[in-house]
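Reviewing the structure listed below.
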Amino acid sequence: MRIVTVCRMNQARSPFAQAVLERNFPEDQISSTGVEAHSGNHMVDSIMQIAKNWQVPITQVESRPLSKAADDIASADLVIVADNRQRDTVRNLGYQGALRSYEEILEDPDFVPIDPTGLLPDAMSRELGKVGALTLRAAIDAKGYPHAHSIRAVIPHGVSDLSLALTTAQMKRINDGAILIDADLRAPLSEEVDELGLERVYFDIDLVESIELPVVGPGQILTHIRQVDFPERFFLSPAWRNWLQKMADSSPIVMVTAPRHSKARRLADSYLASYMSDEFSVISG
Numbered sequence: 370m371r372i373v374t375v376c377r378m379n380q381a382r383s384p385f386a387q388a389v390l391e392r393n394f395p396e397d398q399i400s401s402t403g404v405e406a407h408s409g410n411h412m413v414d415s416i417m418q419i420a421k422n423w424q425v426p427i428t429q430v431e432s433r434p435l436s437k438a439a440d441d442i443a444s445a446d447l448v449i450v451a452d453n454r455q456r457d458t459v460r461n462l463g464y465q466g467a468l469r470s471y472e473e474i475l476e477d478p479d480f481v482p483i484d485p486t487g488l489l490p491d492a493m494s495r496e497l498g499k500v501g502a503l504t505l506r507a508a509i510d511a512k513g514y515p516h517a518h519s520i521r522a523v524i525p526h527g528v529s530d531l532s533l534a535l536t537t538a539q540m541k542r543i544n545d546g547a548i549l550i551d552a553d554l555r556a557p558l559s560e561e562v563d564e565l566g567l568e569r570v571y572f573d574i575d576l577v578e579s580i581e582l583p584v585v586g587p588g589q590i591l592t593h594i595r596q597v598d599f600p601e602r603f604f605l606s607p608a609w610r611n612w613l614q615k616m617a618d619s620s621p622i623v624m625v626t627a628p629r630h631s632k633a634r635r636l637a638d639s640y641l642a643s644y645m646s647d648e649f650s651v652i653s654g
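Numbered per my numbering, the sequence shown spans residues 370 to 654.
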């Protein structure tokens, strides 16, 4: 598949999206461009550092204007744009193929990323998390990666909402006959799990591609064996997508993600953990 990612200046969102796709779909031909880009401008250094930390190093390190990407767009199977204005620009070039805008991929408006250039590091990471999640969702929708059962994500708005989110997820799990997953790799649930009297069944994200799918009963929760630094690198890898798809082929899934806000930080985790979900519930007390 030929995919082109497009943003305004081709210095942040679209080259990061390109890198995410290159990591997940190395067999595809991926490129990026910007509708107002100037040829040869270097990618934003802080964006490149975050991408390196998340193990999706940016390969196109200089911006490319739309005029130099016309052939790529004309032959693309899918064009992914950062907002609807860029969608109109691409259509005005005569492109008639599949085109997705971040603004219309998911209904949750909080998923839509703003241009992260100039933001503080935590806010920049959060917006890049949204870029990665929506880019992968657009590609998956285009390629067709069906799973037999539903995947539902319960997202605590902040750390104070963790207990209510887990209770909500447990109710959904009972109603669906689903597997319950604690998808917070950064800080797996502890007190909240004990309060509900759930038994932990552990998994190791480093081994999900090589181990058998776990059996999780109605009084159990699947949770990570340890805290993970830079969990984004796992969520942005093919391993997470493939594991969730295998799990959903055997049973419905209800996952509790990390909160969108910790006490001191805005986190990208919930967007990245849940991009394959069929339903999202944001819980706020």
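Heads up, the beta-carbon is just placed ideally off N, CA and C, and yes, glycines get one too. Computed from a predicted model, the values in this text were never measured in an experiment.
Cα-Cα separation between residue i and residue j, rounded to whole angstroms
i	j	result
aspartate 647	serine 639	14 Å
glutamate 391	leucine 605	11 Å
phenylalanine 572	arginine 634	26 Å
leucine 558	leucine 462	49 Å
glutamine 589	alanine 534	16 Å
threonine 374	alanine 508	11 Å
methionine 370	isoleucine 574	28 Å
arginine 521	lysine 632	25 Å
leucine 567	leucine 505	32 Å
alanine 538	proline 434	45 Å
isoleucine 399	aspartate 479	26 Å
alanine 438	arginine 460	14 Å
leucine 475	tyrosine 464	23 Å
leucine 576	serine 408	42 Å
arginine 454	aspartate 477	19 Å
methionine 616	cysteine 376	34 Å
isoleucine 449	asparagine 611	22 Å
threonine 536	glycine 546	15 Å
alanine 418	leucine 582	Note on residue identity: the sequence assigns glutamine, not alanine, to residue 418. So the two alpha carbons sit approximately 34 Å from each other.
leucine 657	valine 528	Since the first residue shown for the chain is 370 and the last is 654, residue 657 is missing from the structure and cannot be characterised.
Nonlocal neighbours in the same chain, by C-beta distance under 6 Å from residue i, ignoring five residues either side
i	result
valine 500	Arg382, Phe385, Ala386, Pro482
aspartate 491	Arg634, Arg635
proline 607	Asn393
serine 650	Val523
serine 519	Pro621, Asp647
phenylalanine 603	Ile574, Trp609
alanine 443	none
valine 585	Ile548, Val570, Leu591
alanine 627	Asp553, Arg555, Leu636, Asp638, Ser639
alanine 517	Asp618
aspartate 551	Pro557, Leu558, Ile590, Thr592, Val625
glutamate 578	Ala608
Residues bridged to residue i (per DSSP)
i	result
glutamine 589	Glu568
proline 525	Ile652
threonine 536	The partner list for threonine 536 (beta bridge, DSSP) is empty, contrary to what the question assumes.
histidine 630	Gly527, Arg635
isoleucine 449	Thr374, Arg469
isoleucine 622	Ile520, Ile548
Own chain partners of residue i with C-beta closer than 8 Å, once the 5 adjacent residues on each side are dropped
i	result
glutamine 380	Gly403, Ala406, Asn410, His411, Met412, Val413, Ile416, Ser432, Thr486
glutamine 596	Leu554, Arg555, Ala556, Pro557
aspartate 446	Met370, Arg371, Ile372, Gly466, Ala467, Ala511
Exposure of residue i, with buried meaning 16 or more beta-carbon neighbours within 10 Å
i	result
aspartate 530	buried
leucine 354	This structure gives no information on residue 354, because the portion of the chain shown stretches from 370 to 654.
tyrosine 644	buried
glutamate 396	exposed
aspartate 510	exposed
tyrosine 514	exposed
glycine 498	buried
aspartate 440	exposed
glutamate 496	buried
isoleucine 543	exposed
arginine 629	buried
alanine 642	buried
methionine 540	exposed
valine 625	buried
glutamate 601	buried
serine 401	buried
serine 494	buried
isoleucine 580	exposed
Same chain only: Cβ atoms within 7 Å of residue i, ignoring 5 sequence neighbours per side
i	result
alanine 388	Ala420, Val425, Pro426, Ile427, Thr428
phenylalanine 599	Asn422, Trp423
aspartate 452	Ser470, Tyr471, Glu472
At 4 residues or longer, and completely inside the stretch 382 to 435: list those alpha helix (DSSP H) runs for me, N to C. Whole alpha helix (DSSP H) segments, 4+ residues: 382 to 393, 414 to 422.
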